[in-house]
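The structure appears right after this line, and notes come after that.
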Amino acid sequence: MGLINQIDVSVKRMLLEDSRKELFFKVLYLFVLIKLWLSWSTLELIIEFVPARVYSLVGLVLHAPLQLLNFGVGAFVVVFSLILLISIVVHLNYISAFLIFWFSVCLSKFLFPVLNGADLVLNLFLLIGLVTPTFPVLKLRGITEYQKVISAFGVLFVKVEIALIYFLSGYDKLITPSWRNGNAIFSVANLDYFSNPNFSMQLSGISVLVVAWLVILFEISFAFFIWFKKFRNYWLIAGVVFHLGIIVFMGLLDFGLVMIISYLIFLPAKKLDSN
Amino acid sequence: MKLLKFARIVALLFIFHIVFSLFLIVSPTFNAGLLTLVYRKYLLPGPFFTKDRIEQSYSLLLSCQVGNVWQPVSQPALENYHRLMATGNPKAMLQARLDRYFYYQYVISKHKNPNVQINPEFEQLINYYQNYFPVGTDSVKLIFVKKETTDFAIKVDTLYTIKHGVD
Numbered sequence: 001m002g003l004i005n006q007i008d009v010s011v012k013r014m015l016l017e018d019s020r021k022e023l024f025f026k027v028l029y030l031f032v033l034i035k036l037w038l039s040w041s042t043l044e045l046i047i048e049f050v051p052a053r054v055y056s057l058v059g060l061v062l063h064a065p066l067q068l069l070n071f072g073v074g075a076f077v078v079v080f081s082l083i084l085l086i087s088i089v090v091h092l093n094y095i096s097a098f099l100i101f102w103f104s105v106c107l108s109k110f111l112f113p114v115l116n117g118a119d120l121v122l123n124l125f126l127l128i129g130l131v132t133p134t135f136p137v138l139k140l141r142g143i144t145e146y147q148k149v150i151s152a153f154g155v156l157f158v159k160v161e162i163a164l165i166y167f168l169s170g171y172d173k174l175i176t177p178s179w180r181n182g183n184a185i186f187s188v189a190n191l192d193y194f195s196n197p198n199f200s201m202q203l204s205g206i207s208v209l210v211v212a213w214l215v216i217l218f219e220i221s222f223a224f225f226i227w228f229k230k231f232r233n234y235w236l237i238a239g240v241v242f243h244l245g246i247i248v249f250m251g252l253l254d255f256g257l258v259m260i261i262s263y264l265i266f267l268p269a270k271k272l273d274s275n
Numbered sequence: 276m277k278l279l280k281f282a283r284i285v286a287l288l289f290i291f292h293i294v295f296s297l298f299l300i301v302s303p304t305f306n307a308g309l310l311t312l313v314y315r316k317y318l319l320p321g322p323f324f325t326k327d328r329i330e331q332s333y334s335l336l337l338s339c340q341v342g343n344v345w346q347p348v349s350q351p352a353l354e355n356y357h358r359l360m361a362t363g364n365p366k367a368m369l370q371a372r373l374d375r376y377f378y379y380q381y382v383i384s385k386h387k388n389p390n391v392q393i394n395p396e397f398e399q400l401i402n403y404y405q406n407y408f409p410v411g412t413d414s415v416k417l418i419f420v421k422k423e424t425t426d427f428a429i430k431v432d433t434l435y436t437i438k439h440g441v442d
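Chain order of the listed sequences is A and B.
Per the working numbering, the first sequence runs over residues 1 to 275.
Per the working numbering, the second sequence runs over residues 276 to 442.
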């Protein structure tokens, strides 16, 4: 009974909490739009050099947007761009959320040779985005209130997923000896494809150990401290610095940007309005 | 009242999701078939910088013979990555990843079947890398290199060198 009461209180508090979900999803849509345009030439190369996948009948239906590629990469890019542009302009709604998720998953399926974790995270947010709109308002039999509850849970779901992503990443590092002794940072610094040649650094034994433990502690602590208003801003700032570091030193532009964009969901609406 | 019940059910499902996710995080080897597979792939993305990914990497070095002269060795994927870091152009990032994809496909296929040198993955690789061959290339030399960084030491090995005639 105590748990039920606790849930009731939490649900009510959650429904009252204001969040900038509209801003979060629209920035996410803008990110997808830029990614789409930048991927244009890569899509053409993939069509030219990677053997086409053979889909079953169900697969064909699920990946129907990819049929546009039969008319050229441009057809897919133009249609998806229009959907994204319209979605950015209009109110967050179920139809555009669904179309964007559908097209984005199809794009990811097609761009698989160049995908990384950013795309998984992006598509997860877009999936949750299916339930977060409250428009069009369904006035049938008081469904409106249900829409609000589901939407509020959707926003909470995004926040929980961000926390879980950090916790998973931090915990995995914590149980890995090469992260605990700093060798992982040494490895990253010596990976040809993940180390910026403009910042050639010789890291000492102590410095790699310090950096490794800072990363582990940041990732694990983020999952907890982000839930406390008192600490939230400090951890968000630390997160932005952390991901900017990944972008600058490792060149993981898309991953860093998706994670930084995700922080928008933690910003309260009032704070942004006062700016 | 119905709404409250609904909210409670969703909240309980939510709690289940968090508890199950935490369980999967602290039990990385736990496997219950499709459920854990879907959960790990779609609902719990990561971890991203796992040991095997950062301690081992592969490179492809390319040398082209034009006329009777072998050109200096180049690394198209690395050059594209460096272009990204120098200019910030995200297209270079995607290009570098695609360059790497093709030779990784070959390395994986060669690992599975070490005795076969020319396979569909190799044909695909040559086909794609033709973009990097200078005009008049007669032959190419592909040098596959493995780099390992364990225990604060770097070990670089040439896996195989393949000389291939270009039509």
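The C-beta atom is built at its ideal place from N, Cα and C for all residues, glycine as well.
Check, Outcome
"Identify the contact partners of S334 of chain B in chain A, using a Cβ-Cβ distance below 7 Å as the criterion.", "D192"
"Give the straight-line distance between the Cα atoms of G440 of chain B and G363 of chain B, rounded to the nearest whole angstrom.", "36 Å"
"Whose C-alpha, out of A:A269, A:F157 and A:N123, is nearest the C-alpha of I290 of chain B?", "A:F157"
"Using only the alpha-carbon positions, how far apart do L209 of chain A and V341 of chain B sit?", "48 Å"
"Ordered along the chain, which non-local residues of its own chain (more than five positions away) have a Cβ less than 8 Å from that of I383 of chain B?", "E396"
"Within the continuous beta strand (DSSP E) that includes K421 of chain B, where are the two ends?", "T412 to T425"
"Output the distance between the C-alpha atoms of F427 of chain B and N183 of chain A, rounded to the nearest integer angstrom.", "6 Å"
"Note down, in chain order, each residue of its chain lying with its Cβ closer than 6 Å to the Cβ of K430 of chain B, except the 5 sequence neighbours on either side.", "E423"
"Strictly below 8 Å CB to CB, what residues from chain A border L417 of chain B?", "Here the premise fails: no neighbours, minimum Cβ distance about 16 Å."
"Using a Cβ-Cβ distance under 8 Å, would T424 of chain B count as near chain A?", "yes"
"For a contact meaning CB atoms closer than 7 Å, what does H357 of chain B contact in chain A?", "P197"
"Output yes if chain A places a C-beta closer than 8 Å to the C-beta of L434 of chain B; else output no.", "no"
"Under 8 Å Cβ-Cβ, which residues of chain A neighbour L318 of chain B?", "L124 and E161"
"I need the straight-line Cα distance from S19 of chain A to Y356 of chain B, nearest angstrom please.", "38 Å"
"Measure from the C-beta of P322 of chain B to each C-beta in chain A and report whether the shortest distance is under 8 Å.", "yes"
"Can you give the beta carbon distance from I437 of chain B to L417 of chain B, rounded, assuming they're within the 8 Å contact cut?", "5 Å"
"Out of curiosity, what's the CA-to-CA distance linking N196 of chain A and V420 of chain B?", "20 Å"
"As a quick exercise: from A:N198, A:R180 and A:F231, pick the residue whose alpha carbon is nearest that of W213 of chain A.", "A:R180"
"Residues of chain A with CB under 8 Å from T362 of chain B, in chain order?", "Those within 8 Å of T362 of chain B in chain A number zero; the least Cβ separation is about 11 Å."
"Looking only at DSSP bridge pairs, what is V134 of chain A linked to?", "Checking the displayed sequence, the identity of residue 134 of chain A turns out to be Thr instead of Val. Answer by DSSP bridge pairing: none, since T134 of chain A is not bridged."
"If you run the structure through DSSP and keep just helix, strand and coil, what is A367 of chain B?", "helix"
"To the nearest angstrom, report how far apart G321 of chain B and L138 of chain A are at their CA atoms.", "37 Å"
"Starting from T42 of chain A, find everything on chain B with Cβ-Cβ shorter than 9 Å and list it in chain order.", "K366, L369, Q370, R372 and L373"
"Between the C-alpha atoms of L115 of chain A and L126 of chain A, what's the straight-line distance to the nearest angstrom?", "16 Å"
"Do F218 of chain A and A189 of chain A have their C-beta atoms closer together than 8 Å?", "no"
"For F224 of chain A and L267 of chain A, I'd like the C-alpha separation in whole angstroms.", "16 Å"
"For I437 of chain B, which of helix, strand or coil comes out of DSSP?", "strand"
"I'd like the span of the alpha helix (DSSP H) that includes V77 of chain A, first residue to last.", "V73 to V89"
"Which runs of the alpha helix (DSSP H) spanning at least 4 residues fall entirely within the segment 158-225 of chain A, listed in chain order?", "177-180, 183-189 and 205-225"
"Give the range of the beta strand (DSSP E) segment to which Q399 of chain B is assigned.", "That residue, Q399 of chain B, is in no beta strand (DSSP E); its alpha helix (DSSP H) goes P395 to Y404."
"Counting only C-beta atoms, is T134 of chain A closer than 8 Å to chain B at any point?", "no"
"Taking the alpha carbon of W227 of chain A as the point to measure from, which residue in A:I4, A:G129, A:V160 and A:I86 has its own alpha carbon closest?", "A:V160"
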